[in-house]
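>
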Amino acid sequence: MKIVSTQQIRDLDRAAIEAYKVPGSLLMERAGRGVAAGVIRLIKEHGLDGKAVLLAAGRGNNGGDAFVAARYLSEEGFKVSLLLAGDRKSLRGDALFHFKKMLRAGICAEELSAESDWRELSGEGLSGSVVVDGILGTGLEGKARGAAAAAIRFINALARKNLAVAIDVPSGINSDTGRAEGDVVRADLTLTMGLPKRGLIEQSALEYVGQLQVVDIGFPNELVTQVKADLELIAPEDVALLFPPRPRIAHKGSYGHLLIMGGAEGYSGAMTLAAMGALRSGPGLVSVAVPERLAPAIALAVPEAMVHGERETGSGSLHSSCWAKWKKRLPNFSAILAGPGMTRHAETGRLVKMILRDSRIPVVLDADALNIFEGRAALLAKRECPLVITPHPGEMARLLALSTARVQARRMRTAKQSARLTNATVVLKGAGTLVAEKGRLQINLTGNPGMASGGMGDVLAGLAGGFLAQGLKPFDAARASVYLHGRAGDMAAASSSESSLMARDLIACLPGAFREFRR
Numbered sequence: 060m061k062i063v064s065t066q067q068i069r070d071l072d073r074a075a076i077e078a079y080k081v082p083g084s085l086l087m088e089r090a091g092r093g094v095a096a097g098v099i100r101l102i103k104e105h106g107l108d109g110k111a112v113l114l115a116a117g118r119g120n121n122g123g124d125a126f127v128a129a130r131y132l133s134e135e136g137f138k139v140s141l142l143l144a145g146d147r148k149s150l151r152g153d154a155l156f157h158f159k160k161m162l163r164a165g166i167c168a169e170e171l172s173a174e175s176d177w178r179e180l181s182g183e184g185l186s187g188s189v190v191v192d193g194i195l196g197t198g199l200e201g202k203a204r205g206a207a208a209a210a211i212r213f214i215n216a217l218a219r220k221n222l223a224v225a226i227d228v229p230s231g232i233n234s235d236t237g238r239a240e241g242d243v244v245r246a247d248l249t250l251t252m253g254l255p256k257r258g259l260i261e262q263s264a265l266e267y268v269g270q271l272q273v274v275d276i277g278f279p280n281e282l283v284t285q286v287k288a289d290l291e292l293i294a295p296e297d298v299a300l301l302f303p304p305r306p307r308i309a310h311k312g313s314y315g316h317l318l319i320m321g322g323a324e325g326y327s328g329a330m331t332l333a334a335m336g337a338l339r340s341g342p343g344l345v346s347v348a349v350p351e352r353l354a355p356a357i358a359l360a361v362p363e364a365m366v367h368g369e370r371e372t373g374s375g376s377l378h379s380s381c382w383a384k385w386k387k388r389l390p391n392f393s394a395i396l397a398g399p400g401m402t403r404h405a406e407t408g409r410l411v412k413m414i415l416r417d418s419r420i421p422v423v424l425d426a427d428a429l430n431i432f433e434g435r436a437a438l439l440a441k442r443e444c445p446l447v448i449t450p451h452p453g454e455m456a457r458l459l460a461l462s463t464a465r466v467q468a469r470r471m472r473t474a475k476q477s478a479r480l481t482n483a484t485v486v487l488k489g490a491g492t493l494v495a496e497k498g499r500l501q502i503n504l505t506g507n508p509g510m511a512s513g514g515m516g517d518v519l520a521g522l523a524g525g526f527l528a529q530g531l532k533p534f535d536a537a538r539a540s541v542y543l544h545g546r547a548g549d550m551a552a553a554s555s556s557e558s559s560l561m562a563r564d565l566i567a568c569l570p571g572a573f574r575e576f577r578r
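To convert, note that position 237 of the sequence shown is 296 in the numbering used here; the numbers rise steadily by one, no gaps.
1. Please name the residue, chosen from A428, G434, G375, that lies closest to A397 on a Cα-to-Cα basis.
2. Looking only at its own chain, which residues have a Cβ that is under 6 Å from the Cβ of A264, when we skip the five neighbours before and after it?
3. Which full runs of the alpha helix (DSSP H) of 4+ residues lie inside the region 94-154, going along the chain?
4. Rounded to the nearest angstrom, what separates G97 and L250 at their Cα positions?
5. Is it the case that the Cβ atoms of V273 and A288 are separated by a distance below 9 Å?
6. Could you check whether A210 and I194 sit closer than 9 Å to each other, using their CB atoms as the reference points?
7. Pull up the DSSP beta-bridge partners for R499, would you.
8. Chain D beta carbons: is any one of them nearer than 9 Å to that of V127?
9. Check this for me: beta carbons of L560 and A572, under 9 Å apart or not?
10. Measure the alpha-carbon distance for P399 versus V347 and round it to whole angstroms.
11. Residues in the same chain with beta-carbon distance under 7 Å from S188, minus the five sequence neighbours each way, listed in chain order, please.
12. How far does the alpha helix (DSSP H) with G398 in it reach, from first residue to last?
13. Provide the residue(s) that pair with A323 in DSSP beta bridges, ordered along the chain.
14. For F432, which residues from the same chain have a beta carbon less than 8 Å from its beta carbon, with the 5 sequence-adjacent residues on both sides left out?
15. Would A528 and P362 qualify as a contact pair, given that the criterion is a beta-carbon distance under 9 Å?
16. Does the beta-carbon distance from S230 to G196 come in below 9 Å?
17. Pairs of beta-carbons, one from the region 354-369 and one from the region 493-504, closer than 8 Å: are there three or more?
18. What is the rounded straight-line gap between the Cα of R435 and the Cα of L424?
19. Report the rounded CA-to-CA distance for L132 versus E261, giving the unit in angstroms.
20. Would you check if the distance between the CB atom of G321 and the CB atom of L344 is smaller than 9 Å?
21. Does the distance from the C-beta atom of A329 to that of G514 stay below 9 Å?
22. What does a CB cutoff of less than 8 Å around L410 pick up in its chain, not counting 5 residues either side in sequence?
23. Scan the region 272-350 and note each continuous alpha helix (DSSP H) run of 4 residues or more that stays entirely inside, going in chain order.
24. Starting from M550, follow the beta strand (DSSP E) in both directions and report where the run begins and ends.
25. Closest to E291 by CA distance: which of M471, G136, M510 is it?
26. Do S566 and M335 have their C-beta atoms closer together than 9 Å?
27. Pull up the DSSP beta-bridge partners for M252, would you.
28. Would you identify the three-state DSSP class for L222, choosing helix, strand or coil?
29. DSSP three-state label for A426, please.
30. Going along the chain, which residues of its own chain have a beta-carbon closer than 6 Å to the beta-carbon of T473, five neighbours each way excluded?
31. If L331 and A360 are in contact, beta carbons under 8 Å, what's the gap, nearest whole angstrom?
32. DSSP three-state label for E169, please.
33. Please confirm whether V268 and A239 have their CB atoms less than 9 Å apart.
34. Buried or exposed for K387, please, with buried defined as at least 16 other CB atoms from any protein chain shown within 10 angstroms of its CB.
35. Would you list the one or two residues that DSSP bridges to L487?
36. Any idea what DSSP makes of I431, helix, strand or coil?
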């Protein structure tokens with residue numbers, strides 16, 4: 060899904076109204092209906108008992124979207140309250156039209172046009188539900204002032220005990236730069252209209268955006284096709300297309316066989332989690348090659364996988380001599396994952412290089428399978444197999460001989476650079492995981508801070524390997540894995556908390572993430 064500038068979205072809006080005769084009031088109706096649907100989904104996902112929703116609205120189009128959302132939420136049985144940051148006499152156009160429609164539906168609006176009006180509000184009576192931010196939209200230049208700034212502070216105060224949803228952009232954010240010069244809403248969910256705005260995916264904005272979902276307001280496809288964009292958002296509808304229904308006559312041979320190689324003494328968990336992630340991705344078979352002493356424990360933890368114990372180095376990692384056997388068996392496999400828990404022992408490094416030298420089937424390299432190429436990323440291009448690499452910022456820094464701070468400061472440029480240098484599909488993990496290959500860059504905004512814990516990357520590598528084994532192209536396998544990995548993490552956090560989230564919790568939620576678009 061294309062990521063656009065503020066001017067591009069305005070041009071789309073204008074063209075839809077003028078060239079395609081789509082009434083602005085209809086676009087606003089669709090936007091508000093999408094907001095209401097997003098709020099209801101969030102309430103269900105978090106298991107909230109409260110039926111109260113508070114909407115804070117400004118005087119522009121964001122406020123108009125809030126007026127429509129209030130009406131739909133009321134029709135669904137929610138107790139709706141609406142606070143207007145300003146005077147109703149200042150409303151114009153489509154916003155005024157929908158304000159009157161909301162009033163006719165029996166929903167009252169409390170007008171708060173001064174900063175002091177907002178300071179006097181206590182927010183009592185709303186706890187464990189949702190507050191909706193419809194104060195400011197994409198038209199903000201500079202910082203929020205007056206009643207708008209006070210409304211933002213009020214929303215943030217309520218957000219300590221409630222979930223916050225932002226309409227289009229969190230109020231206070233510049234929709235092009237992602238920067239905030241003053242007060243800004245900290246949203247748990249941002250429901251953006253039509254297409255995602257560039258500012259929402261900048262590192263400076265991620266702290267405020269929360270989850271990002273796009274509301275389809277019905278821009279004609281012909282207009283969207285004409286929009287130029289060098290960056291795309293990984294959207295659920297795009298991922299869904301990668302997983303058509305399985306035929307009734309399918310069998311385990313229909314969905315590939317993944318070989319996972321790695322593990323070392325003290326790191327059996329990495330291989331266990333990678334195997335579990337791979338199995339949840341849906342391949343027919345998963346084989347695991349680990350140091351001999353680890354095999355019994357991993358076989359017990361993951362009985363669905365075929366676990367093979369192999370010769371070890373003195374430090375307890377895989378010895379390169381085991382490759383002779385697996386090389387002969389390569390025709391039985393459709394993809395390889397190497398790296399989880401592998402360590403950087405010299406013999407293990409030789410094993411990874413042998414895999415790249417001999418494999419013609421797709422390979423995923425993760426963790427220490429990448430660290431052995433420290434400062435020598437170009438060596439990864441000397442191979443004949445399709446390749447996906449999954450570095451976190453520290454691993455990327457080692458691979459390119461950069462500082463981690465430099466990688467983080469130039470994430471998009473670094474992802475594209477590493478894709479060109481390695482001729483691989485690159486997954487640069489972190490807040491706003493990037494998927495890059497030559498000439499293409501996408502960003503993923505599912506996931507949450509609770510996923511910054513051990514084992515999460517192993518699950519992601521397993522998913523990527525499993526999707527490759529099923530025949531997905533490297534770029535598609537990468538973007539599907541990061542989207543579903545993050546979505547499962549969001550579902551796990553919603554059912555418990557970010558602070559207590561573990562990799563096993565994420566794995567348990569993968570079926571639910573798949574179920575949103577696939578049987």
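Note that the Cβ used here is the ideal one computed from N, Cα and C, for glycine as well.
In this structure, then:
1. A428
2. Within the same chain, and ignoring the five residues on either side of A264 in sequence, the residues whose Cβ sits closer than 6 Å to its Cβ are I232, G237, G258.
3. 120-134
4. 7 Å
5. no
6. yes
7. E496
8. Among the chains in the structure shown there is no chain D, since it carries only a single protein chain.
9. no
10. 11 Å
11. L107, G109, A111, V112, N221
12. Per DSSP, G398 lies in no alpha helix (DSSP H) and is assigned neither H nor E.
13. S376
14. L438, L439, L458
15. no
16. yes
17. no
18. Straight-line measurement puts the Cα of L424 at about 15 Å from the Cα of R435.
19. Whole-angstrom Cα-Cα distance: 31 Å.
20. Cβ atoms of G321 and L344: not closer than 9 Å.
21. yes
22. M320, L377, H378, S379, C381, W382, A397
23. 280-285, 295-299, 327-340
24. From DSSP, M550 is part of no beta strand (DSSP E) but of the alpha helix (DSSP H) over 533-554.
25. M471
26. Note that residue 566 is Ile in the sequence shown here, rather than Ser. Going by C-beta atoms, I566 is nearer than 9 Å to M335.
27. V274
28. The three-state secondary structure of L222, taken from DSSP, is strand.
29. coil
30. V466
31. Per the sequence shown, residue 331 should be read as Thr rather than Leu. Contact holds; Cβ gap of about 5 Å.
32. strand
33. no
34. exposed
35. L493
36. Residue state for I431 is assigned as coil, using DSSP reduced to three classes.
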